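Protein chains in written order, with my numbering: chain A, 15 to 313; chain B, 15 to 313.
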């Protein structure tokens, strides 16, 4: 069994690392906060005091970090993975970051004989805890085969979509569709409520038809209940929305409906809703139209 | 068994009328084109030469027409249903039209003792043929109960959402979400293709996750194949998009992401794509970005 390293024990990373440990992988961890490191040590992992030290003790290093600059720092910065990694090591970056930066990091690591996969996930904290994440993988076929035992431990659906960066492009597509669907469900339910039609009945009637989706089911229910405990935080979807827009602009692809979604995410975060679930997009529309899903009609 | 009338034997209306006839309802029909009338007569229906004559021979009159002015003409115009209907008759309008106009028509008919339900459908031609439509019903509870044997013959999911107009509001919500999801899927697949990632693999990877929907499955497949035989014609979705926008403006509800979708439907129709399936929205993005889902990358 290959020796694993895991860097980034946040809301997603900690349960993923615990699942790898339980599956029997020898594991060395590192994170900025002390508490999850102590928890992993208690469960049998070793702790290392830098990404370089993790890499020195591991055949495969998994990273799960908030944003592009964090991944750059951990992989290529002082005491980073690149400093400690041996020839033949494999890095699996499961963070959601910019596809272009991903290709640059993979190329830099490749120069010293370290392979890299981008393997961002969908499924949230629940999926991380249950080991049921959907994983979209970019990178060389051989590295993908080598990573499979690791990825299948933390995920249920693991798809190799293409070369380096392809996993991040796919995740951007996922965030585009998910954001657009959340916003559309919000617009529809507020329209119904403002017209005096019970939005709960509208959700019920639509679930059976062509407008049905898991988002109408799950986020529709959150919106109706006004329950915006995350879930997936609006500020993280905003970060991902910026990746979508930057990628689209760089490639010259128009994304007119998603521009409106990204703008709404900006406004939600700027008005203090960044820590709420992204389904709180509905609150902007409730406010602007002077209605509420809890009391349909004019308020 | 109540005697039925059916007005409007188009792509949707003809198979619905045939299903009612097969279920044993005595049926009188009327339509602008002669061919479907002859077909229904061959199957055992009676033909009448005006909406008023249909109403004179029926306890319940079903209408399935293209747009708001058609329904107004058939119900309230010269030789319309109102002229021939008896006290206690019931009109079930299954067309997709403006909710505000629906309430006006129901009120006019009510003045002469004729009840009206709005009962627009989702499910397309296939759903009409199979009798598996999703039906969203607005109007009085008693009329809904009376209409159930008819509605359950042509539909699988029949939901009473509220008073007069509520069915049309619900259908507008359906068209909002469906249009937004088709556009989002199109934006995502073109973004993937332009980034050099196989859009078929992206669709596959996303279907298992939170961005999954019937539209990603069905319309995603159409887009990848470049097969835009309808399905649901873009010009009809554009008509419905106008109903959504008018309703939203009247009520002061912002629908920022759907504004972009409605604009795209306008451009698709104006560039000659009105008879194509609405999934042809993807062709606008392919053209504007200079890429194709059939040959990903720069073209």
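Backbone N, C-alpha and C fix where the C-beta goes; we use that ideal spot for every residue, glycine too. Quantities reported herein were computed from a predicted structural model and do not represent experimental measurements.
Cross-strand partners of residue i (DSSP beta bridge)
i             : result
residue 132/A : 107/A, 152/A
residue 227/A : 227/B
residue 291/A : 247/A
residue 48/B  : Answer by DSSP bridge pairing: none, since residue 48/B is not bridged.
residue 220/B : Note: residue 220/B sits in no beta bridge, so no partner.
residue 147/A : 169/A
residue 306/A : 309/A
residue 60/B  : 42/B
N-terminal and C-terminal residue of the beta strand (DSSP E) that residue i is part of
i             : result
residue 42/B  : 41-44
residue 74/B  : 74-77
residue 172/B : 169-176
residue 20/B  : 18-21
Endpoints, the alpha helix (DSSP H) within which residue i is located
i             : result
residue 143/A : 138-144
residue 122/A : 113-125
residue 193/B : 180-208
residue 34/A  : 27-36
residue 303/B : 295-303
residue 277/A : 270-282
residue 85/B  : 82-90
residue 98/B  : 95-98
Any non-hydrogen atom of the ligand NAD closer than 6 Å to residue i Cβ
i             : result
residue 217/A : As far as ligands go, the structure on display features none, and thus does not contain the ligand NAD.
Identity of the residue in the options nearest residue i by Cα
i             : options                    : result
residue 273/A : 246/B, 257/B, 155/B, 201/B : 201/B
residue 82/B  : 115/B, 169/B, 55/B, 61/B   : 115/B
residue 96/A  : 78/A, 129/A, 113/A         : 129/A
residue 136/B : 182/B, 121/B, 91/B         : 182/B
residue 296/B : 269/B, 265/B, 222/B, 193/B : 193/B
residue 213/A : 308/A, 17/A, 180/A, 226/A  : 308/A
residue 209/A : 300/A, 244/A, 123/A        : 300/A
residue 175/A : 184/B, 215/B, 171/B        : 215/B
residue 15/B  : 48/B, 140/B, 40/B          : 40/B
residue 92/B  : 104/B, 67/B, 103/B, 71/B   : 67/B
residue 256/B : 18/B, 187/B, 120/B         : 187/B
residue 101/B : 142/B, 290/B, 123/B, 110/B : 123/B
residue 155/B : 133/B, 167/B, 198/B        : 133/B
residue 18/B  : 106/B, 180/B, 121/B        : 106/B
residue 89/B  : 253/B, 50/B, 55/B, 22/B    : 22/B
residue 270/A : 218/B, 269/B, 64/B, 277/B  : 277/B
Chain-ordered neighbours of residue i on chain A, where CB pairs are closer than 9 Å
i             : result
residue 188/B : 202, 216, 219, 220, 223, 224, 225
residue 306/B : The premise fails here: residue 306/B is roughly 12 Å from chain A at the closest Cβ pair, so nothing lies under 9 Å.
residue 314/B : The requested residue 314/B does not occur in the structure, where chain B is confined to residues 15 to 313.
residue 26/B  : Within chain A, no residue comes near residue 26/B; the closest Cβ sits about 14 Å away, beyond 9 Å.
Below-7 Å beta-carbon distance, residue i vs any chain D residue
i             : result
residue 165/B : Absent here is chain D; the protein component of the structure consists of chains A and B.
Closer than 8 Å at the beta carbon, the chain B residues around residue i
i             : result
residue 195/A : 191, 194, 195, 198, 225, 227
residue 230/A : 191
Chain A contact residues for residue i, given Cβ-Cβ distances below 7 Å
i             : result
residue 302/B : 268
residue 108/B : The contacting residues do not exist; residue 108/B stays about 14 Å from chain A at best.
residue 23/B  : None at all; the shortest Cβ gap to chain A is about 23 Å.
residue 32/B  : Chain A residues near residue 32/B: none, gap ~22 Å exceeds 7 Å.
Interface partners of residue i on chain B, CB under 7 Å
i             : result
residue 132/A : Correct list: empty, because the minimum Cβ distance to chain B is about 11 Å.
residue 124/A : By Cβ distance, chain B contributes nothing, its closest Cβ being about 18 Å from residue 124/A, past 7 Å.
residue 54/A  : Those do not exist, as residue 54/A stays about 27 Å from chain B at its closest Cβ, beyond 7 Å.
Where residue i meets chain B, residues with beta-carbon distance less than 9 Å
i             : result
residue 290/A : By Cβ distance, chain B contributes nothing, its closest Cβ being about 17 Å from residue 290/A, past 9 Å.
residue 212/A : 175, 176, 180
Chain A residues whose Cβ lies nearer than 8 Å to that of residue i
i             : result
residue 208/B : 265, 266, 267
residue 205/B : 183, 186, 187, 190, 258, 261, 262, 265, 267, 269
Quick one: which residues of the stretch 158-183 of chain A get their C-beta closer than 7 Å to a C-beta of chain B? List them in chain order.
Per Cβ criterion, the list reads 171, 173, 175, 176, 180, 183.
Contacting positions in the stretch 235-264 of chain A - beta carbon closer than 8 Å to chain B:
Within the stretch 235-264 of chain A, the qualifying residues are 258, 261, 262.
Within 8 Å of chain B by C-beta, residues of the stretch 270-284 of chain A in sequence order:
Under the 8 Å Cβ criterion, the stretch 270-284 of chain A contributes 270, 271, 272, 273, 274, 275, 277, 278.
Quick one: which residues of the stretch 85-113 of chain A get their C-beta closer than 8 Å to a C-beta of chain B? List them in chain order.
Of all residues in the stretch 85-113 of chain A, 113 have a Cβ within less than 8 Å of some Cβ in chain B.
Members of the stretch 143-154 of chain B near chain A, C-beta cut-off 7 Å:
Listed by position along the chain: 148, 150.
Give me the subset of the stretch 35-50 of chain A whose CB atoms are less than 8 Å from a CB atom of chain B, sorted by chain position.
The stretch 35-50 of chain A vs chain B, Cβ under 8 Å: nothing.
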